[in-house]
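K.L.:
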Amino acid sequence: MTTLNLLSRWRPFDPSPPPGLHRDDFQKIAANGFGDLYNAYPHSMAWFKEHLYVGVTRANMCMLKASKIPTRLPFWPVDCPDNLYDLDMRAQIWRYNPIIGEWREVYRSPMITALDGSPIPRDMGYRGMAVFQGQSDPEPALYVSTYASARGPGAMVLRSIDGEAFSPVSKPGLLELPITSIRTLTPFKGRLLTSPTGRAGGSPNAADIAVIYENRDPLKGQWTPVNIEGFGDPGNAVVFEMAEFGDYFYAGTGNFRGGYQIWRTRAKGRPPYDWELVVTQGAQRGAFNQLAMSMVEFKGALYVGSGIQNGGIDLVNKIGPAAPELIRIHPDGRWDLLIGHARQTPQGLKTPLSGCRPGFGNGFNGYFWRMAVHEGWLYLATLDWSLMLYFSNQENWPPGFRRIVNRIGLDQIMERQAGGDLYRSFDGENWLPVTTNGFDNRYNYGIRGLVSTAYGLFAGAANPFGPRVAVRTEEGWAYQDNPHSGLEIWLGSKQGKQHA
Numbered sequence: 000m001t002t003l004n005l006l007s008r009w010r011p012f013d014p015s016p017p018p019g020l021h022r023d024d025f026q027k028i029a030a031n032g033f034g035d036l037y038n039a040y041p042h043s044m045a046w047f048k049e050h051l052y053v054g055v056t057r058a059n060m061c062m063l064k065a066s067k068i069p070t071r072l073p074f075w076p077v078d079c080p081d082n083l084y085d086l087d088m089r090a091q092i093w094r095y096n097p098i099i100g101e102w103r104e105v106y107r108s109p110m111i112t113a114l115d116g117s118p119i120p121r122d123m124g125y126r127g128m129a130v131f132q133g134q135s136d137p138e139p140a141l142y143v144s145t146y147a148s149a150r151g152p153g154a155m156v157l158r159s160i161d162g163e164a165f166s167p168v169s170k171p172g173l174l175e176l177p178i179t180s181i182r183t184l185t186p187f188k189g190r191l192l193t194s195p196t197g198r199a200g201g202s203p204n205a206a207d208i209a210v211i212y213e214n215r216d217p218l219k220g221q222w223t224p225v226n227i228e229g230f231g232d233p234g235n236a237v238v239f240e241m242a243e244f245g246d247y248f249y250a251g252t253g254n255f256r257g258g259y260q261i262w263r264t265r266a267k268g269r270p271p272y273d274w275e276l277v278v279t280q281g282a283q284r285g286a287f288n289q290l291a292m293s294m295v296e297f298k299g300a301l302y303v304g305s306g307i308q309n310g311g312i313d314l315v316n317k318i319g320p321a322a323p324e325l326i327r328i329h330p331d332g333r334w335d336l337l338i339g340h341a342r343q344t345p346q347g348l349k350t351p352l353s354g355c356r357p358g359f360g361n362g363f364n365g366y367f368w369r370m371a372v373h374e375g376w377l378y379l380a381t382l383d384w385s386l387m388l389y390f391s392n393q394e395n396w397p398p399g400f401r402r403i404v405n406r407i408g409l410d411q412i413m414e415r416q417a418g419g420d421l422y423r424s425f426d427g428e429n430w431l432p433v434t435t436n437g438f439d440n441r442y443n444y445g446i447r448g449l450v451s452t453a454y455g456l457f458a459g460a461a462n463p464f465g466p467r468v469a470v471r472t473e474e475g476w477a478y479q480d481n482p483h484s485g486l487e488i489w490l491g492s493k494q495g496k497q498h499a
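Under numbering that gives the first Met the number 0, the first residue of the sequence shown is numbered 0, with each subsequent residue one higher.
1) By Cβ distance, which residues of its chain are closer than 6 Å to Asn436, with the 5 residues on each side in sequence left out?
2) Output needed for Ala458: all residues of its chain with C-beta closer than 6 Å, excluding positions within five of it in sequence on either side, in chain order.
3) If the criterion is Cβ atoms closer than 8 Å, does the pair Phe363 and Tyr422 meet it?
4) Considering only C-alpha positions, which residue in the set Lys48, Ser305, Gly54 is nearest to His42?
5) What residue from Leu174, Asp81, Arg121 has the CA that sits closest to Phe165's CA?
6) When you compare the segment 144-162 with the segment 172-184, are there three or more beta-carbon pairs, one atom per stretch, that lie closer than 8 Å?
7) Our contact map puts Ser305 next to Glu428 with C-beta atoms below 8 Å; I'd like the distance itself, whole angstroms only.
8) What number of angstroms, rounded off, separates the C-alpha of Asp78 from the C-alpha of Val468?
9) So is His329 buried or exposed if we call it buried at 16+ other beta carbons inside 10 Å?
10) Terminal residues of the continuous beta strand (DSSP E) containing Met292?
11) For Gly285 and Phe390, I'd like the C-alpha separation in whole angstroms.
12) Does DSSP put Gly304 in a helix, in a strand, or in coil?
13) Check Leu6 in the structure and name its three-state DSSP category.
14) Please determine, among Gly116, Trp334, Glu228, Asp23, the residue with the shortest C-alpha to C-alpha distance to Val278.
15) For Gln260, count the other beta carbons within 10 Å of its own beta carbon; 16 or more makes it buried, fewer makes it exposed. Which is it?
16) Give me the Cα-Cα distance between Ser492 and His21, rounded to the nearest whole angstrom.
17) Please give me, in chain order, every unbroken run of the beta strand (DSSP E) with length at least 3 that falls completely inside the segment 154-222.
18) State the DSSP-derived secondary structure class of Gln497, mapped to helix, strand or coil.
19) With DSSP collapsed to three states, give me the class of Pro76.
20) Are Asn254 and Ala242 closer than 8 Å when you measure CB to CB?
21) Going by DSSP, what residue range makes up the beta strand (DSSP E) through Ile328?
22) For Ala453, count the other beta carbons within 10 Å of its own beta carbon; 16 or more makes it buried, fewer makes it exposed. Which is it?
23) For Gln411, which three-state DSSP category applies?
24) Taking His50 and Tyr95 to be in contact with their CB atoms under 8 Å, please state how far apart those CB atoms are, rounded to whole angstroms.
25) Once you ignore the five residues that flank Ala322 on each side, which residues in its own chain have a CB closer than 6 Å to its CB?
26) Quick one: is Thr252 buried, meaning 16 or more other Cβ sit within 10 Å of its Cβ, or exposed?
27) Return helix, strand or coil for Arg423, following the three-state DSSP convention.
28) Mind the definition here: the segment 55-67 touches the segment 25-44 only if three or more C-beta pairs lie below 8 Å; say whether that holds.
29) Using alpha carbons as the reference points, say which of Ile99, Asn392, Asp136 lies closest to Pro73.
30) Quick check on DSSP: helix, strand or coil for Phe255?
31) Once you ignore the five residues that flank Ser159 on each side, which residues in its own chain have a CB closer than 7 Å to its CB?
32) Start and end of the alpha helix (DSSP H) containing Gly34?
33) Thr344 to Gln280, Cα distance in whole Å?
34) Assuming Glu213 and Leu191 are in contact, meaning their beta carbons sit under 8 Å apart, how far apart are those beta carbons, in whole angstroms?
35) Can you give me the start and stop residues for the alpha helix (DSSP H) that Asn59 sits inside?
36) Which runs of the alpha helix (DSSP H), 4 residues or longer, sit entirely within the segment 374-407?
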C-alpha cells in the first residue's frame, strides 16, 4: 500500500492526536557497533536507572555460517574466518547516559573452558532484558538472558542491581537443559517468566522444549515449569514471545508447520496453571504465520506480530517466503486481522482493517520484529530480507520472481527497498511510515529493539554486514571494507536534535 493510500484511510478516533515521530525526528546516537563492526545485533534493550542498556550479539553472519542452518548463497555475504572462535565473540552490554550523550561498555562476557577443552566465551549474545524485583532484591534489578556457544554448558539468566556487575541466577541451560539461547524475560504478578528458545546442535529459534518457567525469587529460588510441554501439542517447538495484558499472561508459540498459537492464564493456584487457547493455526493462516514474533498491549488490546524463522524464509521446513501479519486480541478473546490476507475463520470472515496486505504490502518484510507504545502511538518495526537478493544466486529464483526483480532492477531494489521498516499508528488500523529503508542504510536490515522513555523512542538496528562485505566486481565476488556496518542506535524525539 502506498503512503498516499495510508493517508487517505486516516480515521482518528481522537480529534487531536498527539504528534507522532517522523523520520526527521530520529537522530543516530550510536554507529558502527559502538566502534566495533562485529557488534551486529542490539539483541536486547531496556531502560534501567535512567540509562538505556543494550545487549549485543556479535558477528551474527559468521555465527550463521558456522551453524547447521541451510542457506543457498553462492558467496558468503561477509568475510569470516574458518574458525568462528578466531574472532572475539564475547558478548557486550553497553549503557547510554542521555543527559551527557555518553556510551560506556559496562560488561563483557567472561571466557570459559568448552566441553572440548578449548577457550570460548560464556556468552555470545544477550537476547533478552527485563527490569524486575524479586523477593530477595532490595530494589528493581536488571535481568538479562544469554545466547551461549553450542560448545559450552548452555544459556542462563544474569542479574544486576547496579547495572555494572552481572551474575548468573540460573544454572547453565536454565535447569541444565540442552539449550543455547533464551529470548524472552517477562514479569507478571510478582514472578519472572522465561522459556528456552534455541537448542544445542539445532535452530536458535526451536528449543523443542516449549515450556515456560517462573521464578518469584531468581536470586535464591528455583525455576518452575508452569505449563505442560507444548501445551499438549507436539508441533509447538518453542514458546517464542510472552506478554502481560489485563489480568492474563499471554504466551505465543512457534509452530513451524501448523502456525503459531496464543495461550493465556491468570496464573492462579499452583503450577502448572490452567491455560486457555485464544488463537490457533497462525490465526488460521497456517505455517506462513510460524512464530508469534512480537506482542504489546495498546489501547485495551493485545497486538501480535508474526514471522517466519530465519529472516522470513524457512529452508528447513520449506516454508516461505511470506510476509508477516498483525492481529489484535480483545480481552474477551476475539481477535481482529489488522494487516494480512482476508480469509474465513471460525469467527467468520476476517479482512485486514488497515487495508494493508502482509508486511505492509512489502513481500520482503520477513518479521514484524518489535513493537512499542510511545506517547500514544504504536510503533512497529520489521526485518526486511531484500538485501539478501544481492548475495543470492538468481538461478535459484522462481521464474516469475526473477522476471519481477529484473523488471524493477536489482540496483533499484537495493537503493529504494533494502533496510528494515518502522511504522506508526494511533489506532492500530491506520499506519504511517517512519522509515522504509533502515534509516537510510540498506545494511540495517531490521530494527530489533524499541524502548519508550521520557527522552524519546530508542530504536536499535541490526546490521551484521561487516567489517568486510561481499561485492560484485568484473572479476567476480570480492570482499571490501563496509563503513556502513555494525549495529546502530537511533533516538526519536520532537526535541531529538539536542541529543544528537
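C-beta atoms are modelled at their ideal positions from N, C-alpha and C, and glycine is treated no differently.
P.N.:
Based on what the coordinates show:
1) Gly418
2) Ile446, Leu449, Trp489
3) no
4) Gly54
5) Arg121
6) yes
7) Their Cβ separation, rounded to whole angstroms, is 17 Å, which puts Ser305 and Glu428 out of contact at 8 Å.
8) 6 Å
9) exposed
10) 290-297
11) 29 Å
12) strand
13) Since pLDDT at Leu6 reaches only 48, below the 50 mark, its modelled position is unreliable, and the value read off the structure follows with that caveat. It is helical.
14) Trp334
15) buried
16) 9 Å
17) 156-159, 178-187, 190-198, 212-214
18) Residue confidence is low: Gln497 scores 43 on pLDDT, short of 50, so the model does not pin down where it sits. No coordinate-derived value is stated.
19) coil
20) no
21) 325-328
22) exposed
23) helix
24) 6 Å
25) Pro357, Gly358, Gly362, Asn364
26) buried
27) strand
28) yes
29) Asn392
30) coil
31) Ala140, Leu141, Phe165
32) 31-34
33) 10 Å
34) 7 Å
35) 59-65
36) 387-390, 398-407
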